[in-house]
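Colleague:
There are 2 protein chains.
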Amino acid sequence: MTRPLISLAAALALAAPAIAQEEELQGAPSPNEIVAEAPAGEWAAIAPEDLVVMTLAPDAEGNPREVIIQLMPPPFSQGWVANIRTLARAGWYDDISVNRVQDNYVVQWGDPNYDNPEAEGEEKALPEGLHRMTEEDYLAERRRSETAWFAWTNGPYAPHHGNFAGWPIAWNAEAAWPVHCYGMVGVGRGYSPDTGSGAELYTVIGHAPRHLDRNIALVGRIVEGIEHLSSLPRGSGALGFYTEEEFDKRTPILTVRVASDLPEVDRPAFEYLSTAGETFARYADARANRRDPFFIHPAGGADICNIPVPVRRAE
Amino acid sequence: MTRPLISLAAALALAAPAIAQEEELQGAPSPNEIVAEAPAGEWAAIAPEDLVVMTLAPDAEGNPREVIIQLMPPPFSQGWVANIRTLARAGWYDDISVNRVQDNYVVQWGDPNYDNPEAEGEEKALPEGLHRMTEEDYLAERRRSETAWFAWTNGPYAPHHGNFAGWPIAWNAEAAWPVHCYGMVGVGRGYSPDTGSGAELYTVIGHAPRHLDRNIALVGRIVEGIEHLSSLPRGSGALGFYTEEEFDKRTPILTVRVASDLPEVDRPAFEYLSTAGETFARYADARANRRDPFFIHPAGGADICNIPVPVRRAE
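Protein chains in written order, with this note's numbering: chain S, 255 to 569; chain A, 255 to 569.
#1: Taking Cβ-Cβ distances below 7 Å as the criterion, which residues of the stretch 544-557 of chain S are in contact with chain A?
#2: Given residue 510 of chain A, which residues of its chain have a CB within under 8 Å of its CB, disregarding the five upstream and five downstream residues?
#3: Should residue 501 of chain A be labelled buried (16 or more other beta-carbon atoms within 10 Å of its own) or exposed?
#4: Does any CB atom of chain S fall closer than 9 Å to the CB of residue 329 of chain A?
#5: Check whether chain A comes within 9 Å of residue 469 of chain S, counting only Cβ atoms and requiring the distance to be less than that.
#6: Is any beta-carbon of chain A found at less than 9 Å from that of residue 365 of chain S?
#7: Can you give me the C-alpha to C-alpha distance between residue 303 of chain A and residue 479 of chain A, rounded to a whole angstrom?
#8: Pull up the distance between the alpha-carbon of residue 459 of chain S and that of residue 358 of chain A, whole angstroms please.
#9: To the nearest angstrom, report how far apart residue 453 of chain S and residue 350 of chain S are at their CA atoms.
#10: At the 9 Å Cβ level, is residue 407 of chain S part of the contact set with chain A, yes or no?
#11: Just the chain S side, please: which residues come within less than 8 Å of residue 218 of chain A by C-beta, in chain order?
#12: Give a yes or no on whether 9 Å exceeds the smallest Cβ distance from residue 480 of chain S to chain A.
#13: Specify the secondary structure class of residue 519 of chain A as computed by DSSP and reduced to three states.
#14: Would you please verify whether the beta carbon of residue 567 of chain A is less than 9 Å from any beta carbon of chain S?
#15: Confirm, please, whether the CB-CB distance from residue 535 of chain A to residue 331 of chain A is below 9 Å.
#16: Can you say whether residue 422 of chain S is buried or exposed, counting buried as having 16 or more other CB atoms within 10 angstroms of its CB?
#17: Does the contact criterion of 3 or more C-beta pairs under 8 Å hold for the stretch 382-391 of chain A versus the stretch 514-529 of chain A?
#18: Only counting runs of 4 or more residues, tell me where the alpha helix (DSSP H) segments fall wholly within the stretch 430-496 of chain S, in order along the chain.
#19: Can you check whether the CB of residue 425 of chain A is closer than 9 Å to the CB of residue 413 of chain A?
#20: For the ligand ZN, is there any heavy atom lying closer than 8 Å to the beta carbon of residue 526 of chain A?
#21: Any idea if residue 315 of chain A is buried or exposed, counting beta-carbon neighbours within 10 angstroms, 16 or more meaning buried?
#22: With 9 Å set as the bound, which would you pick, yes or no: does the beta-carbon of residue 465 of chain A sit closer than that to a beta-carbon of chain S?
#23: Check the Cβ of residue 286 of chain A against every Cβ in chain C and list those closer than 8 Å, keeping chain order.
#24: Spell out whether any CB of chain S is found under 9 Å from the CB atom of residue 564 of chain A.
#25: Name the DSSP beta bridge partners of residue 334 of chain S, please?
#26: Could you work out which residue in A:402, A:337, A:391 is closest to residue 653 of chain A when comparing CA atoms only?
#27: Would you mind sorting residue 446 of chain S into buried or exposed? The rule is 16 or more other CB atoms within 10 Å of its CB.
#28: Closest to residue 541 of chain S by CA distance: which of A:389, A:466, A:419 is it?
#29: Cα separation between residue 276 of chain A and residue 564 of chain S?
#30: Can you find a CB in chain S that lies within less than 9 Å of the CB of residue 389 of chain A?
#31: Does the distance from the C-beta atom of residue 439 of chain S to that of residue 451 of chain S stay below 9 Å?
#32: Sort out for me which residues DSSP pairs residue 531 of chain S with in a bridge.
#33: For the stretch 330-362 of chain S, enumerate the residues whose C-beta is nearer than 7 Å to any C-beta of chain A, in chain order.
#34: Can you tell me the Cα-Cα spacing of residue 492 of chain S and residue 294 of chain S, whole angstroms?
#35: If you drop the 5 nearest sequence neighbours on each side, which residues of the same chain put their C-beta closer than 8 Å to that of residue 365 of chain A?
#36: Look up residue 525 of chain S in the DSSP assignment and say whether it is helix, strand or coil.
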């Protein structure tokens, strides 16, 4: 979700530069080209306290695999977000694993013995000091005045959709909530009234499962390295859990660290395109109405998950 | 897309059967449970002429990999669909490869030297007798009377969405067209007025890229084995093409055969849940309003790509 899509026209641009350059001059800029022109002042730094670095075991060829998660800002899910920092600082996530990969749905990681039909041992004890959240906390007070909103983002799931401080949200007359787009990170839970602690996490690797909105806490999104999760082999057990015969497919998670706890030299730096700025409005419009040369029929609209907020490494 | 999602509750049902069984008795049936109860007469057989078997090279552990595609029925894309049968029967697809895997977007296969920024040789010559299609053919005549439609499936992309003969479509006052959901198969093309032949194909492996609707021909969907494509390593070149250093990641395609051309014993048989039947209406309603025990807030709606048409192996 961090890299806006590039049209097939870009492939042709590389294969046949003369023709493509000419046609690009004739067409409107692509969403990517609009973002590339954003003034520096429209990029907002992400606080190191809001970045989490998850290091997986190297792949079969020995290549390192790092997944970087951005945690959600207030007013959303702050109890779970605090728990995730607590769990990371306690080293609780170290040596857990990816236990579930369900095609067109989610990748889930945590204690292999929690909520797992293939469990074979005892659950790992949680650290002290975790918040116990309620179902009320899936929702936040509505703050429409602070929200960038485009009427054509609305769909069947809520009366309004837009972005708040760089995050995709939905709202109605009473409340606002973050939405399940590709790459969003949420908190696994058992049956109501359980709301999960933050020890068990998942990310979306398929079409937005919006039926989960307001039913599970969303706590962040993957801003780099999602391909290390989305390309993992699917589990053949119920819900995509790896079966006993597939335990060797579980990907070990070596460490999970809050970026602000890392030595400065190892600390990743990211920024997002302000969703309140002029460039984001032009980008969103271009996503909804593709006028770059490859396109014939602009759609006239786009759902909120098809307007991913641009996030990039800061220099 | 062929397996409707199972709720997390099902995992708990396996981990803690006593509690879960009790709660299932209290809750409404899940979408899956509704489909499982469909009378036999609501399942419609898919003609062997509409099934294509794509055999990939075995994986690194020697496991076979087979992808089964269902071609689209009239009135949609029939010129390209005919071309795909012609290409398969000419053996043209044999020994091509998967050349592009772009996260949250598409997997593309075809001649590695067609439209590829990493091309290193000559394009493969096409067989005789292919139809040359026009951009008009992306659309079909509107046939609302034959369409199963639920108002709450509508989103920002078109005034109406529904299902026609088991396929997700959108329409306006003038025309109808198939839509880009997860697992749909489309025809790669160059710049307009090129519309592609059917030699270069892709499937959706992320959030529905609905901006491609009416801009590219959709010709079918993957009904089995999509995980063999969606879990492939992502390409690091432009648009997810494999770069020269990654040519060894290209997955060879050994053969592509129309099922009706196979000996009867090797011929796969599939059926889909009629989208005009009572069960589909109940299933779609349950997808939009999850009332099974895991859920607290039913969404009240679902976009067309979040109501995948159930498809299964026929006995």
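Cβ atoms here follow ideal geometry from the backbone N, Cα and C, with glycine treated the same way.
Modeller: Taking the coordinates as given:
#1: From the stretch 544-557 of chain S, only 544, 547, 548, 549, 550, 551, 553, 555, 556, 557 have a Cβ closer than 7 Å to chain A.
#2: Only 306, 307, 308, 309, 341, 342, 347, 348 meet the Cβ criterion.
#3: With fewer than 16 other Cβ atoms within 10 Å, it is exposed.
#4: no
#5: yes
#6: no
#7: C-alpha separation (whole angstroms): 19 Å.
#8: 7 Å
#9: Taking the straight line from one Cα to the other gives about 10 Å.
#10: yes
#11: No answer is possible for residue 218 of chain A: it lies beyond the span of chain A, which begins at 255 and ends at 569.
#12: yes
#13: helix
#14: no
#15: no
#16: buried
#17: no
#18: 481-484
#19: Result yes, Cβ atoms of residue 413 of chain A and residue 425 of chain A sit closer than 9 Å.
#20: Looking for the ligand ZN in the displayed structure turns up nothing, as the structure carries no ligands at all.
#21: exposed
#22: yes
#23: No chain C is part of this structure, whose protein chains are labelled S and A.
#24: no
#25: Note: residue 334 of chain S sits in no beta bridge, so no partner.
#26: No statement about residue 653 of chain A is possible, as the shown extent of chain A runs from 255 to 569 and does not include it.
#27: Per the 10 Å Cβ criterion, exposed.
#28: Nearest C-alpha to residue 541 of chain S: A:466.
#29: Per-residue confidence for residue 276 of chain A stands at a pLDDT of 37, beneath the threshold of 50, marking its modelled position as unreliable; the derived number appears in the next sentence. About 46 Å.
#30: yes
#31: no
#32: Among the bridge pairs identified by DSSP, residue 531 of chain S is matched with none.
#33: 357, 358, 359
#34: 47 Å
#35: 350, 377, 378, 453, 454
#36: strand
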